[in-house]
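Respectively, the protein sequence lines represent chains A and B. Position 194 of the first sequence, counted from 1, bears residue number 194 in UniProt numbering, the numbering being contiguous throughout. Position 61 of the second sequence, counted from 1, bears residue number 61 in UniProt numbering, the numbering being contiguous throughout. Notes to accompany the following structure.
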Amino acid sequence: MTDDDTTVNEPAGENDLRDRQYGIYQCNDCENVVLTLQDCDGGMTCHGQVMERVTDVNIDIQPPDVKQVLLDAFGLPKPGLDICLCVIGEGPMPPADVAEYLDYDETTVRRYLNRLVDIGLLEKSQLNREGGGFVNVYHSIDVAEMRRDTLIGFYAWAGEAAALIEEANLTKEEYLDEDYSEGLNDIFWEKFESGS
Amino acid sequence: MTPSPYRLLEFVVGTYDDLDRPLTPADAATRFGMPRERADECFDRLVECALLARIDDGYRPTITARELLELNIDDEFVVVDADLDECDPDQQ
């Protein structure tokens with residue numbers, strides 16, 4: 001990539017994407033745009049051509065809030081994260097101690113433990129109990145596995161979000177091409193609310 | 001350094017099998033150089049989790065404790081729900 005390939009305008013502040021942990025690349029031959037956390041040697045490629053690193057964003061974006069990201073991407077509300085942070089390095093803990101520490105009801109703690117299992121962030125095992133019966137154990141999955149799964153899970157969510165935005169853009173294009181009697185906002189919400 | 005309750009449980013199981021005698025919080029406090037009060041809290045918590053059982057003059061590991069260690073899990077996050085009467089029946 002040469003200097004001629006980069007954007008002419010000098011980006012500044014939060015719109016500057018040059019020094020980020022992630023990289024966004026665009027293809028100059030097609031409309032492909034990719035996101036990566038780890039650049040390959042020689043950069044990203046699209047149909048054999050080196051892609052151009054995007055250095056600035058023209059639309060203002062809000063910095064993500066970790067609570068909102070976990071809620072939106074994985075359906076994990078703050079209590080689920082609180083439980084993780086409370087137990088890490090302190091276990092084995094009974095749910096009663098977790099509930100007391102966080103000032104939650106025990107049933108709330110159990111509900112979120114099972115939610116964390118459903119999401120795939122915890123595993124649940126049943127062990128035998130002396131005198132009969134069993135106990136439930138909620139425990140971490142392998143850290144490397146969890147890191148990979150959460151990243152891929154988030155990318156899948158981000159891909160769904162990107163597809164929605166793309167669909168929204170196409171809806172606007174379609175509206176402009178057709179002779180609708182309703183306003184664009186009516187057409188837009190009708191399309192997305194019927195699909196949800 | 002104060003060990004996590006999980007590391008303390010590993011110590012109790014290993015030492016109980018080696019010495020064939022019950023362990024006490026004082027044993028753990030001496031072994032890890034941890035405050036006796038903290039050792040007491042850890043033992044109480046492990047009893048609540050059905051991982052240790054009180055016997056004559058100390059504590060012994062339960063079958064549940066042995067099964068937990070056999071899982072060979074990442075010990076970063078471990079919650080043991082031994083109070084299944086409180087559980088949602090659908091989750092049992």
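Glycine included, each C-beta is placed from N, C-alpha and C at the ideal position. No experiment lies behind these values; they were computed from the predicted model shown.
In this structure, what does DSSP give as the bridge partners for residue i?
| i | result |
| --- | --- |
| I55 of chain B | B:G58 |
| F77 of chain B | The partner list for F77 of chain B (beta bridge, DSSP) is empty, contrary to what the question assumes. |
| L122 of chain A | A:S140 |
| M93 of chain A | B:V79 |
| F134 of chain A | A:N128 |
| L37 of chain A | None, per the DSSP bridge assignment. |
| L23 of chain B | B:Y59 |
| D72 of chain A | BP columns for D72 of chain A are empty, so no partner. |
| D16 of chain A | A:D56 |
Could you have a look at residue i and say whether DSSP puts it in helix, strand or coil?
| i | result |
| --- | --- |
| C46 of chain A | strand |
| E52 of chain A | strand |
| Y25 of chain A | strand |
| D4 of chain A | Interpretation of D4 of chain A is limited by its pLDDT of 44, a score under 50 that renders its predicted location unreliable; no figure is taken from the coordinates. |
| I152 of chain A | helix |
| G14 of chain B | helix |
| M34 of chain B | coil |
| I88 of chain A | coil |
| G159 of chain A | helix |
| T64 of chain B | helix |
| I61 of chain A | coil |
| T2 of chain B | coil |
| Y101 of chain A | helix |
| G183 of chain A | coil |
| E178 of chain A | coil |
| C42 of chain B | helix |
| P77 of chain A | coil |
| L164 of chain A | helix |
| N169 of chain A | helix |
| L8 of chain B | helix |
Taking only the alpha-carbon atoms, compute the straight-line gap between residue i and residue j and give it to the nearest angstrom.
| i | j | result |
| --- | --- | --- |
| T107 of chain A | E41 of chain B | 23 Å |
| D81 of chain B | D56 of chain A | 50 Å |
| V109 of chain A | L121 of chain A | 15 Å |
| residue 278 of chain A | F43 of chain B | This structure cannot speak to residue 278 of chain A, because chain A is shown only from 1 to 196. |
| D83 of chain B | Q62 of chain A | 44 Å |
| N75 of chain A | L170 of chain A | Sequence check: residue 75 of chain A is Gly here, not Asn. Going by the C-alpha atoms only, they are around 28 Å apart. |
| D5 of chain A | E52 of chain A | The predicted model places D5 of chain A with a pLDDT of 46, which falls under 50 and marks its position as unreliable; any figure quoted below should be read in that light. So the alpha carbons of these two residues sit roughly 7 Å apart. |
| K67 of chain A | L81 of chain A | 8 Å |
| D27 of chain B | C40 of chain A | 53 Å |
| L19 of chain B | R147 of chain A | 40 Å |
| L70 of chain A | T62 of chain B | 37 Å |
| V98 of chain A | I24 of chain A | 41 Å |
| D105 of chain A | L23 of chain B | 33 Å |
| R111 of chain A | I187 of chain A | 39 Å |
| A65 of chain B | G33 of chain B | 23 Å |
| M1 of chain A | L68 of chain B | Note that M1 of chain A scores a pLDDT of 42, beneath 50, so its modelled location is shaky; the value from the coordinates is reported in the next line. Roughly 55 Å between the two C-alpha positions. |
| S125 of chain A | Y138 of chain A | 7 Å |
| R54 of chain B | F77 of chain B | 25 Å |
| K78 of chain A | G91 of chain A | 20 Å |
| F11 of chain B | V79 of chain B | 19 Å |
| C27 of chain A | E166 of chain A | 17 Å |
| L46 of chain B | Q21 of chain A | 42 Å |
| Y180 of chain A | K172 of chain A | 12 Å |
| L71 of chain B | A50 of chain B | 16 Å |
| F136 of chain A | N128 of chain A | Per the sequence presented here, residue 136 of chain A reads as Asn, with Phe not at that position. Near 9 Å, if we compare the C-alpha coordinates of N128 of chain A and N136 of chain A. |
Does residue i have its Cβ less than 8 Å from a Cβ in chain A?
| i | result |
| --- | --- |
| T15 of chain B | no |
| E67 of chain B | yes |
| T64 of chain B | yes |
| P3 of chain B | no |
| Q91 of chain B | For Q91 of chain B, the pLDDT reaches just 44, beneath the cut-off of 50, and the residue's location in the model is therefore unreliable, although a value from the coordinates is still provided. It does: the Cβ of Q91 of chain B has a partner Cβ on chain A nearer than 8 Å. |
Does residue i come within less than 8 Å of chain B when only Cβ atoms are used?
| i | result |
| --- | --- |
| E90 of chain A | yes |
| D97 of chain A | yes |
| M44 of chain A | no |
| V66 of chain A | no |
| L127 of chain A | yes |
| L122 of chain A | yes |
| L113 of chain A | yes |
| P77 of chain A | no |
| P63 of chain A | no |
| M93 of chain A | yes |
| R110 of chain A | yes |
| V87 of chain A | yes |
| C84 of chain A | yes |
- Query: Residues in the region 30–60 of chain B with C-beta within 8 Å of chain A's C-beta atoms, listed in sequence order?
  - Reply: If you check each beta-carbon in the region 30–60 of chain B against every beta-carbon of chain A, the ones closer than 8 Å belong to R45, L46, E48, C49, A50, L51, A53.
- Task: May I ask you to list, following chain order, the residues of the region 130–164 of chain A that have a beta carbon less than 8 Å from some beta carbon of chain B?
- Result: Going along the region 130–164 of chain A in chain order, one finds E130, G133, F134, V135, N136, V137, Y138, H139, S140, I141, D142, V143 with a Cβ nearer than 8 Å to chain B.
- Message: Please identify, using Cβ separations under 8 Å, the residues of the region 69–82 of chain B that lie next to chain A, in order along the chain.
- Response: Closer than 8 Å at the C-beta level to chain A, one finds these residues of the region 69–82 of chain B: L71, I73, D74, D75, E76, F77, V78, V79, V80, D81, A82.
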